[in-house]
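Report on the structure given below.
Number of protein chains: 2
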Amino acid sequence: MTNLASDSEDERRSTRKRRAILDAAATVFLRNGYRGTSMDEIAALAGVSKQTVYKHFADKERLFVEIVTGAVDEVSDPVHAEVLALADSGDVEADLRDLARRQLAAVMQPRLLQLRRLVIGEANRFPELGRTFYERGPGRTIAALADAFKRLAERGVLQLEDPSLAAAHFNWLIMSAPINRAMLLGRDEPLAGGDLEQYADGGVRAFMAAYRNP
Amino acid sequence: MTNLASDSEDERRSTRKRRAILDAAATVFLRNGYRGTSMDEIAALAGVSKQTVYKHFADKERLFVEIVTGAVDEVSDPVHAEVLALADSGDVEADLRDLARRQLAAVMQPRLLQLRRLVIGEANRFPELGRTFYERGPGRTIAALADAFKRLAERGVLQLEDPSLAAAHFNWLIMSAPINRAMLLGRDEPLAGGDLEQYADGGVRAFMAAYRNP
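Same order as they appear, the protein sequences are chains S and F.
The opening position of the first sequence corresponds to residue 15 in this note's numbering, with each subsequent residue numbered one higher.
The opening position of the second sequence corresponds to residue 15 in this note's numbering, with each subsequent residue numbered one higher.
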């Protein structure tokens, strides 16, 4: 019993340290950029030794991939569940509007925009960072949308030839304008209420006009 | 006469040097990133003195803004002329398809993708770089498209309430999927022939289905 208790105490301590390292690392990466960040600085901010950092994460790239994975999954997981439910929707336009608003609000969170910018800036030198972001983020959402749209076409609700292209159209009709403005203009702010609905509802309206089965 | 001739000789030399500095700077910026680039290195590669670099460009940011301006205008100028002509088009769908293909090919040039990535990576710290890229690139094209679409709606060819939103939809229906893949995946390659037409024609098809006056 004593051994088990102390094992689980060790585990809890290890989990706490891991969490502290990830939080510290996210702060330092976003402040100094990927190349400007050292494991020393992360260890100092997390209040652990450099050895402890390396015990949890093999190198800087693994640590950053972990941060990207966590941040993207946090947005992507709930969206994914909602997309899967679309296939059986009784009111596709209304459900797409709900989805679009929630997706846009999630994607436009300042920390995620900053991370996206950092990943893009390093995508040539560290392709794994960008691949992780793409595959777990837009890539995953678009693939799930494609499945749902295929099903909706089989049900006669939508009319389309290429479910993947339709899914990409939906995704980017909603998100491109605000994301590209944010990326290039360096404005990492959540959208103002009215803007969010304008982008989301306007994108859904265009999508339904293009793909509704007449 | 002698003075005039030597003035113009000086001018030609100055123009040549300016050109050499811009070419060298573009090479060094793309290789080392914005912060990793020094005026010394640019001067050395251009084969001029550092004083000469500063005679032409007040500082590193001005020099980079000049490079972005040149590269974006080279793509944006011909697109702009073509967009203005759309308002009087006799076959809007065919003309949009031509425009979309040319625009996509131009935007997906490796050097411009690299520059876009560099600008995004620095947009927080050096917002003027991103603003220049946005305003002379997508911002300008979308504004011109909005004017053309407004005119086409007045002519009864298109049906829309918000010309700016329709213009953003057109722009991003064509370009978002390939640009976002390239940005995140770090693949700075021109699109393969079939892909280019699929994105361009598919985007135009969706746009016309959404905005054609029935």
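Cβ atoms here follow ideal geometry from the backbone N, Cα and C, with glycine treated the same way.
7 Å Cβ cutoff met for residue i and residue j
| i | j | result |
| --- | --- | --- |
| S:Leu159 | S:Phe184 | yes |
| F:Leu110 | F:Val218 | yes |
| S:Tyr225 | S:Leu174 | yes |
| F:Trp186 | S:Ser28 | no |
| F:Ala182 | F:Phe163 | no |
| F:Ile56 | F:Ala72 | no |
| S:Val53 | S:Val62 | Reading off the sequence shown, one finds Met at residue 53 of chain S, where the question assumed Val. Their beta carbons are not under 7 Å apart, which means S:Met53 does not touch S:Val62 by this criterion. |
| F:Ala214 | F:Ile188 | yes |
Pairwise C-alpha distance: residue j and residue i
| i | j | result |
| --- | --- | --- |
| F:Thr41 | F:Arg26 | 23 Å |
| S:Gly216 | S:Arg115 | 11 Å |
| S:Val82 | S:Ile134 | 12 Å |
| F:Ile193 | F:Ala206 | 14 Å |
| S:Gln123 | S:Pro204 | 6 Å |
| F:Asp21 | F:Lys64 | 23 Å |
| F:Arg76 | S:Glu23 | 57 Å |
| F:Gly50 | S:Thr51 | 14 Å |
| S:Gly47 | F:Asn138 | 11 Å |
| S:Thr155 | F:Ala108 | 32 Å |
| S:Leu132 | S:Asp209 | 25 Å |
| S:Asp161 | S:Gln212 | 26 Å |
| F:Glu136 | F:Gly104 | 43 Å |
| S:Gly153 | S:Phe78 | 19 Å |
| F:Ala220 | S:Ala220 | 8 Å |
| F:Arg30 | S:Lys74 | 44 Å |
6 Å CB neighbourhood of residue i in its chain, flanking five on each side removed
| i | result |
| --- | --- |
| F:Leu113 | Glu96 |
| F:Gln117 | Val93 |
| F:Arg45 | none |
| F:Ala120 | Val89 |
| F:Ala34 | Ala60 |
| S:Met15 | For S:Met15, the predicted model reports a pLDDT of 48, less than 50, meaning its position is unreliable; a value from the coordinates is still stated below. Result list for S:Met15: empty, nothing under 6 Å. |
| F:Pro177 | Ala160, Phe163 and Lys164 |
Reduced DSSP secondary structure (H/G/I, E/B, other) of residue i
| i | result |
| --- | --- |
| S:Arg115 | helix |
| S:Arg226 | strand |
| F:Leu129 | helix |
| S:Leu174 | coil |
| F:Arg201 | coil |
| F:Gly208 | helix |
| S:Val82 | helix |
| S:Ala180 | helix |
| F:Phe140 | coil |
| F:Gln65 | helix |
| F:Gly50 | coil |
| S:Ala57 | helix |
| F:Asp73 | coil |
| S:Lys31 | helix |
| S:Ala99 | helix |
| S:Gly216 | helix |
| F:Gly153 | helix |
| F:Gly135 | helix |
| F:Met122 | coil |
| F:Asp105 | coil |
| S:Arg169 | coil |
| F:Val89 | helix |
Same chain, Cβ closer than 7 Å to residue i, five either side skipped, listed in chain order
| i | result |
| --- | --- |
| S:Val86 | Phe147, Arg150 and Gly151 |
| S:Arg32 | His70 |
| F:Leu59 | Ala38, Thr41 and Val42 |
| F:Asn227 | Gly170, Val171, Leu172 and Gln173 |
| S:Glu80 | Leu36 and Phe71 |
| S:Asp102 | none |
Contacting residues, own chain, Cβ-Cβ under 8 Å from residue i (five flanking each side not counted)
| i | result |
| --- | --- |
| F:Arg106 | Here residue 106 of chain F turns out to be Val, not Arg, going by the sequence shown. Excluding positions up to five away in sequence, the list reads Leu100, Leu166, Val171, Leu172 and Met222. |
| F:Arg195 | Arg201 |
| S:Gly84 | Leu36 |
beta-carbon residue i near the ligand NAP non-hydrogen atom, thresh 6 Å
| i | result |
| --- | --- |
| F:Pro141 | Inclusion of the ligand NAP in the displayed structure is not the case, the ligand content being empty and no account of it being possible. |
Item to check | Three CB pairs or more closer than 8 Å across the segment 124-143 of chain F and the segment 90-109 of chain F | outcome: no
Checklist entry - Would you say the segment 192-200 of chain S touches the segment 141-150 of chain F, given that touching needs at least three Cβ pairs under 8 Å? => result Yes, since at least three Cβ pairs between the segment 192-200 of chain S and the segment 141-150 of chain F fall closer than 8 Å, the two stretches touch.
Checklist entry - Does the segment 167-178 of chain S come close enough to the segment 167-174 of chain F that 3 or more CB-CB pairs lie under 8 Å? => result no
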